[in-house]
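Take a look at the structure set out below.
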Amino acid sequence: MEDYLGLAINPLKCLRTIFAYLKYGVIKDDCFKEITQFCFNPPVKQIGFRDNLADEVLYLIGVITLKICQNPKKTIRFIQVLDKHYRNITDISNGYNFLFKVIMLNEYLCIGKKEEAVKIYYSLQNCFDGDKNQVTPFMETLFNTARIMISNYCEQYPYMATDARVIDLIVDKMDANLFKVYVQALLLKDSERKVDSPVYKQMLYDYKKTIRQNQLYPQLFLENELFFESQF
805 MEDYLGLAIN PLKCLRTIFA YLKYGVIKDD CFKEITQFCF NPPVKQIGFR
855 DNLADEVLYL IGVITLKICQ NPKKTIRFIQ VLDKHYRNIT DISNGYNFLF
905 KVIMLNEYLC IGKKEEAVKI YYSLQNCFDG DKNQVTPFME TLFNTARIMI
955 SNYCEQYPYM ATDARVIDLI VDKMDANLFK VYVQALLLKD SERKVDSPVY
1005 KQMLYDYKKT IRQNQLYPQL FLENELFFES QF
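Taking the working numbering, the leading residue of the sequence shown gets 805, the next gets one more, and so forth.
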């Protein structure tokens, strides 16, 4: 534990928070104070930002943890701090850039900044189409995630059957069940979908099946209200 005290963010606290949410739907909020301090007072002088793989993984864990608390503005600020002090999020085709761009895109959609989200999507599309040899399955998964989200918000993807087909292709390639659950939840929460349609019912069935098979919290990613550990 002492080995992590000198880090800007404690990865063990983040991982415990992620596990508690996936398994029980409860958020252990002790790590969020640390991340909030990082956002508003980045350790530029105290610890510094080292451009290495260990720190890259640390910040990826941090942003994934932030996604759990559903605070888009804080997540955007976190990414902007990294972009300014750690490493620029550029148009270079790599997993780091793709992941942070897709998360930013999602957060902008959540706060109604559709134009900002669309700009990010076109940036991803240019990278994706520019050099297919550099695109990994992970990056392809992220791009398809962005495509589904933008299509839903821009009303260019009216049929859930098409969405489900894209999801199946992604999951077959990556065997990413958590990703499948997350995207299914996005579609199920879309208020414009008809809950009585056969496609919606099939998506809900698949969602519940994946939840059971992976022993995850039954309402994972679907609940609007989150339960923090301090509430109990």
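Glycine residues also receive a C-beta, built at the ideal position from the N, C-alpha and C atoms.
Inset, instruction - Identify whether VAL830 lies in helix, strand or coil by the three-state DSSP scheme. - result: In the sequence shown, residue 830 corresponds to position 26, counting from 1. In the displayed model, VAL830 falls within a strand according to three-state DSSP.
Legend entry - Alpha-carbon to alpha-carbon, ARG1016 and LYS827: Locating residue 827 in the sequence shown gives position 23, counting from the first residue. Locating residue 1016 in the sequence shown gives position 212, counting from the first residue. Roughly 11 Å separates the two Cα atoms.
Inset, instruction - Figure out for me which residue from LEU973, THR840, TYR890 and LEU913 has the closest Cα to the Cα of CYS873. - result: For the purposes of this step, residue 873 is identified with residue 69 of the sequence shown, where counting begins at 1. The option with the nearest alpha carbon to CYS873 is THR840.
Legend entry - In chain order, each alpha helix (DSSP H) run of at least 4 residues that lies wholly inside the stretch 896-972: 899-914, 918-934 and 941-957
Legend entry - Closest residue to ALA921 among PHE932, GLN929 and MET908 (Cα-Cα distance): For the purposes of this step, residue 921 is identified with residue 117 of the sequence shown, where counting begins at 1. Among PHE932, GLN929 and MET908, the Cα nearest to that of ALA921 belongs to MET908.
Legend entry - Buried/exposed call for GLN1019, threshold 16 Cβ in 10 Å: As a position in the sequence shown, residue 1019 is number 215, starting the count at 1. By the 10 Å Cβ count, GLN1019 comes out exposed.
Inset, instruction - Taking the CB atoms as reference points, tell me whether LEU862 and PHE902 lie closer together than 9 Å. - result: In the sequence shown, counting from the first residue as 1, residue 862 sits at position 58. In the sequence shown, counting from the first residue as 1, residue 902 sits at position 98. No, they are not a contact pair.
Legend entry - Whole-angstrom distance between VAL987 and VAL830, CA atom to CA atom: Position 26 of the sequence shown holds residue 830. Position 183 of the sequence shown holds residue 987. Going from the Cα of VAL830 to the Cα of VAL987 covers about 20 Å.
Inset, instruction - Identify the continuous alpha helix (DSSP H) that holds LYS888 and give its terminal residues. - result: Within the sequence shown, residue 888 is the residue found at index 84, counting from 1. Note, LYS888: premise wrong, no alpha helix (DSSP H); not H, not E.
Legend entry - Check: ARG951 C-beta below 8 Å from any heavy atom of the ligand GDP: As for the ligand GDP, it is missing from this structure, which has no ligand bound.
Inset, instruction - Measure the Cβ-Cβ separation of CYS818 and ILE868 and say whether it is below 9 Å. - result: What you label residue 818 is simply residue 14 of the sequence shown in a count that begins at 1. What you label residue 868 is simply residue 64 of the sequence shown in a count that begins at 1. Cβ distance < 9 Å, so CYS818 and ILE868 count as in contact.
Inset, instruction - Please name the residue, chosen from ILE813, TYR825 and THR940, that lies closest to LEU1026 on a Cα-to-Cα basis. - result: As a first step, residue 1026 must be located in the sequence shown, where it is residue number 222. The residue with the shortest Cα to Cα distance from LEU1026 is TYR825.
Inset, instruction - Determine the contact status of ILE880 and GLU838, defining contact as a CB-CB distance below 9 Å. - result: Taking the sequence shown and counting its residues from 1, one reaches residue 880 at position 76. Taking the sequence shown and counting its residues from 1, one reaches residue 838 at position 34. No, Cβ-Cβ distance for ILE880 and GLU838 is not below 9 Å.
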